[in-house]
């Protein structure tokens with residue numbers, strides 16, 4: 004089933020994601036706080052894909068994401084960051100000691116880390132044209148936010164290492180000796196994705 008699903012996935016111009024490739028069921032859950040922020044000096048994590056929100060402004064100890072140039076661990080107070088993410092493992096640590104750990108697999112995506120705007124700093128500015136408010140909301144909570152947005156995000160325990168290895172072998176056989184650029188590019192992208200699945204799978 005994995006091989007057939009991945010064959011369909013790899014034949015498209017834009018990859019449809021790991022869940023479709025593995026034939027995984029849809030999941031819909033979130034643990035959000037809403038618009039109000041009752042927390043102080045904590046990292047608020049949003050972890051979502053187009054099909055679901057896993058975390059919405061949920062307080063965590065840290066989050067480690069697979070940056071394009073290497074893994075990045077972010078805690079509250081991290082420098083502001085916008086970065087592209089490659090296929091790999093997301094590690095979420097919760098609790099005061101960070102010993103409550105959850106692991107997810109990301110097909111690809113972006114991370115946006117934003118620091119809080121404290122009262123008395125970065126005062127609200129106005130447009131010279133119409134007086135529109137261009138500033139950020141002020142916040143005394145001391146909380147920063149990390150938004151991890153992925154094409155597909157699944158728990159690592161839903162990955163099947165054996166099926167991924169079989170699909171990778173078939174993909175490499177199909178792409179062997181290819182001369183056209185499209186086939187070579189599709190094979191390379193599929194190889195990178197499936198290799199990441201194999202590394203992340205338990």
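In our numbering, the protein residues as written are 4 to 205.
Where is the CB? At the ideal position from N, CA and C, for every residue including glycine.
For clarity, every value in this text was computed on a predicted model and none was experimentally measured.
Item                                                                                                                                                                              : Value
Provide the residue span of the beta strand (DSSP E) that contains residue 67, from first to last.                                                                                : 65 to 70
Where does the unbroken beta strand (DSSP E) through residue 149 begin, and where does it stop?                                                                                   : 147 to 153
Pick out whichever of 178, 165 and 188 has its Cα sitting closest to the Cα of residue 201.                                                                                       : 165
Contact defined as beta carbons within less than 8 angstroms: I believe residue 204 pairs with residue 170. What is the distance between those atoms, to the nearest angstrom?    : With a Cβ gap of about 12 angstroms, residue 204 and residue 170 do not count as contacting.
Give me the Cα-Cα distance between residue 47 and residue 80, rounded to the nearest whole angstrom.                                                                              : 11 angstroms
Return the first residue and the last residue of the beta strand (DSSP E) that residue 97 is part of.                                                                             : 91 to 97
I need the straight-line Cα distance from residue 70 to residue 87, nearest angstrom please.                                                                                      : 6 angstroms
Can we say the stretch 57 to 66 touches the stretch 88 to 105, given the rule of at least three CB pairs closer than 8 angstroms?                                                 : yes
Output yes or no for whether 8 angstroms exceeds the beta carbon distance between residue 156 and residue 57.                                                                     : yes
State the DSSP-derived secondary structure class of residue 170, mapped to helix, strand or coil.                                                                                 : helix
Can you give me the C-alpha to C-alpha distance between residue 190 and residue 174, rounded to a whole angstrom?                                                                 : 7 angstroms
Spatial neighbours of residue 177 within its chain, please: CB distance less than 6 angstroms, with the 5 preceding and 5 following residues excluded, ordered by chain position. : none
Mind checking residue 110: buried by the 16 CB within 10 Å criterion, or exposed?                                                                                                 : buried
Look up residue 180 in the DSSP assignment and say whether it is helix, strand or coil.                                                                                           : coil
In whole angstroms, what separates the C-alpha of residue 75 from that of residue 112?                                                                                            : 14 angstroms
To the nearest angstrom, how far is it from the Cα of residue 72 to the Cα of residue 51?                                                                                         : 22 angstroms
Less than 8 angstroms between the C-beta atoms of residue 159 and residue 107, yes or no?                                                                                         : yes
From residue 145 to residue 77, what distance separates their C-alpha atoms?                                                                                                      : 15 angstroms
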